[in-house]
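Peer 1: Line order of the protein sequences matches chains L and Y. Quick note on the working numbering: the first sequence kicks off at 1 and runs consecutively. Quick note on the working numbering: the second sequence kicks off at 101 and runs consecutively. In this text, a Cβ means the ideal position worked out from N, Cα and C, and glycines have one as well. Just so it is clear, the structure is predicted and the values come from calculations on it, not from any experiment. Can you keep this structure in mind? I'll have questions shortly.
2 protein chains.
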Amino acid sequence: MKNKIQQLRKLRKVTQQELADALSVTRQTIISLENGRYNASLTLAHKAAQFFGTTIEELFIFEDDENL
Amino acid sequence: MKNKIQQLRKLRKVTQQELADALSVTRQTIISLENGRYNASLTLAHKAAQFFGTTIEELFIFEDDENL
DNA sequence: AATAAAAGTATAGCATACTTTACATTTAAT
DNA sequence: ATTAAATGTAAAGTATGCTATACTTTTATT
Numbered sequence: 001m002k003n004k005i006q007q008l009r010k011l012r013k014v015t016q017q018e019l020a021d022a023l024s025v026t027r028q029t030i031i032s033l034e035n036g037r038y039n040a041s042l043t044l045a046h047k048a049a050q051f052f053g054t055t056i057e058e059l060f061i062f063e064d065d066e067n068l
Numbered sequence: 101m102k103n104k105i106q107q108l109r110k111l112r113k114v115t116q117q118e119l120a121d122a123l124s125v126t127r128q129t130i131i132s133l134e135n136g137r138y139n140a141s142l143t144l145a146h147k148a149a150q151f152f153g154t155t156i157e158e159l160f161i162f163e164d165d166e167n168l
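This is the structure in structure tokens:
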């Protein structure tokens, strides 16, 4: 599933490291999320949505053919 | 993190098996989610929210002290 | 051009969401 | 009271989110 994390992060002029620190994950996790290598957990999705002042539904782009 | 899955499922008079089928997971997964044994993935959370016609933010109860 | 900061790649390992199977208990209907 | 449906428990296995470490490439600044 895709997301708007990189887009919002750049808008706010935040580095991957700063975002990682804010969400209490590693920079690797941010990179992999932004580049679509894996999906966030529900908890991380919630933290990210809160950080950007939006909702999970707004931050993540759910398509209909998503598997688990 | 807690959720309203059992509450909404009973309101709609749906069995765990029926919900599991609708979300393409096993009955075990529904049981464990309802009983708080583990957290849903973002994809499963989205499917469940769609099934119940609500949002992830409404269906799941996020507290401030959530770890990853 | 040189340097540093930021972003990216790769890989091994740990934690946990989810599956599978099998059996036990509770609830509801007859 | 019996039976069946629904819910629950347990435990081993698979898939994947995330960490950790180390190195490379890109971007920005001087």
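1) Does any residue of chain L bring its CB to less than 8 angstroms from the CB of E157 of chain Y?
2) Measuring alpha carbon to alpha carbon, tell me which residue in Y:K110, Y:I156, Y:I105 is nearest T129 of chain Y.
3) So, does the stretch 43-59 of chain L touch the stretch 115-122 of chain Y, judging by three or more C-beta pairs under 8 angstroms?
4) For N3 of chain L, which residues does DSSP report across the bridge?
5) Taking I113 of chain Y as part of the alpha helix (DSSP H), name the residues at either end of that continuous run.
6) Is it the case that the Cβ atoms of M101 of chain Y and N139 of chain Y are separated by a distance below 8 angstroms?
7) Which of the three DSSP states is assigned to S124 of chain Y in this structure?
8) With a threshold of 8 angstroms between beta carbons, is T26 of chain L in contact with chain Y?
Peer 2: Straight from the coordinates:
1) yes
2) Y:I105
3) no
4) L:F60
5) Strictly speaking, residue 113 of chain Y in this sequence is Lys, with Ile absent from that position. Neither: K113 of chain Y is in no alpha helix (DSSP H) and is coded neither H nor E.
6) yes
7) When DSSP states are grouped into helix, strand and coil, S124 of chain Y belongs to the coil group.
8) no
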